[in-house]
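Undergrad:
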């Protein structure tokens, strides 16, 4: 049985864990490099990306995590997790994994008060996907290997590049497990 790791240092960890468990799979909160050997893929949850990047460095997890993902481990970043995966962040040099060929702009959809829920049409999914946007980043540009799976108001909000999946929104805050299932099928 697959074990899905969830970066366990900050953010919507429990919500992702509940979604994965509803699919009947095991989860492990990843807090150290040794945990990477016990998982088949990793979710980088929403939270505060600057803080998460610093904590990855403090815990000695950034280099081994980057190496595992660069070596093919599937990774799914939601909101702040997407920012961590991005090669480029508009106006920022913050610490990040930096493996996905996307340029993101932090908080592009507004403040906490501007949060919203919408349904997205996702390539490969039959039913609309509910998506929760909270201080969400926006993909401003992307490289030729990046496939756009969903857009909102003409901007990509769900993308895939090889073993990397990234969403501007929080699928774990809905009852739908469709996107988590999509990720686990990448493994």
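In the numbering used here, the protein residues as written are 69 to 255.
Note that the Cβ used here is the ideal one computed from N, Cα and C, for glycine as well.
This one's a predicted model, so the numbers in the text were calculated from it and none came from an experiment.
1. Since residue 150 and residue 234 should fall inside the 8 angstroms C-beta cutoff, what is the C-beta to C-beta distance between them, to a whole number of angstroms?
2. For residue 257, which residues does DSSP report across the bridge?
3. Tell me whether the region 153-166 and the region 182-190 touch, counting them as touching only if at least three CB pairs, one residue from each stretch, are closer than 8 angstroms.
4. To the nearest angstrom, how far is the alpha carbon of residue 88 from that of residue 139?
5. Is DSSP giving residue 168 helix, strand or coil here?
6. Which stretch, first to last residue, makes up the alpha helix (DSSP H) that contains residue 122?
7. Output the boundary residues of the beta strand (DSSP E) element that contains residue 88.
8. Between 166, 109, 124, which has its C-alpha nearest residue 249's C-alpha?
9. Rounded to whole angstroms, what's the CA-CA distance from residue 190 to residue 196? Just pull it up for me.
10. Residue 217: which of 208, 193, 209, 198 sits nearest, CA to CA?
11. Going by Cα to Cα distance, which pick from 205, 201, 102, 90 is closest to residue 118?
12. Could you give the distance in angstroms between the alpha-carbon of residue 129 and the alpha-carbon of residue 222?
13. How long is the line joining the alpha carbons of residue 127 and residue 228, rounded to whole angstroms?
14. If you drop the 5 nearest sequence neighbours on each side, which residues of the same chain put their C-beta closer than 8 angstroms to that of residue 71?
TA: With the structure as the only source:
1. Looking up residue 150 in the chain shown gives position 82. Looking up residue 234 in the chain shown gives position 166. Confirmed, Cβ separation roughly 4 angstroms.
2. Missing from the structure shown is residue 257; the chain here goes from 69 to 255 and no further.
3. Under the 8 angstroms Cβ criterion, the region 153-166 does not count as touching the region 182-190, having fewer than three qualifying pairs.
4. Mapped onto the chain shown, residue 88 falls at position 20. Mapped onto the chain shown, residue 139 falls at position 71. Each residue's alpha carbon lies about 23 angstroms from the other.
5. Locating residue 168 in the chain shown gives position 100, where the first residue counts as 1. It is a strand residue.
6. Within the chain shown, residue 122 is the residue found at index 54, counting from 1. That run of the alpha helix (DSSP H) goes 117-126.
7. Taking the chain shown and counting its residues from 1, one reaches residue 88 at position 20. Careful: residue 88 lies outside any beta strand (DSSP E), inside the alpha helix (DSSP H) at 81-90.
8. Residue numbering aside, residue 249 sits at position 181 when the chain shown is read from its first letter. The residue with the shortest Cα to Cα distance from residue 249 is 109.
9. By one-based count along the chain shown, residue 190 stands at place 122. By one-based count along the chain shown, residue 196 stands at place 128. When only Cα atoms are considered, residue 190 and residue 196 end up about 7 angstroms apart.
10. Within the chain shown, numbered from 1, the residue matching residue 217 stands at position 149. Distance check between residue 217 and each of 208, 193, 209, 198 places 193 closest, using alpha-carbon atoms only.
11. Within the chain shown, residue 118 is the residue found at index 50, counting from 1. Comparing Cα positions, the closest option is 205.
12. Here the question's residue 129 lines up with position 61 in the chain shown. Here the question's residue 222 lines up with position 154 in the chain shown. Cα to Cα, the separation comes out at about 35 angstroms.
13. Mapped onto the chain shown, residue 127 falls at position 59. Mapped onto the chain shown, residue 228 falls at position 160. Take the alpha-carbon of residue 127 and the one of residue 228: they are about 28 angstroms apart.
14. In the chain shown, counting from the first residue as 1, residue 71 sits at position 3. Excluding sequence positions up to five before and after residue 71, its CB lies within less than 8 angstroms of the CB of 93, 94, 95, 96, 106, 107, 108, all in the same chain and listed in chain order.
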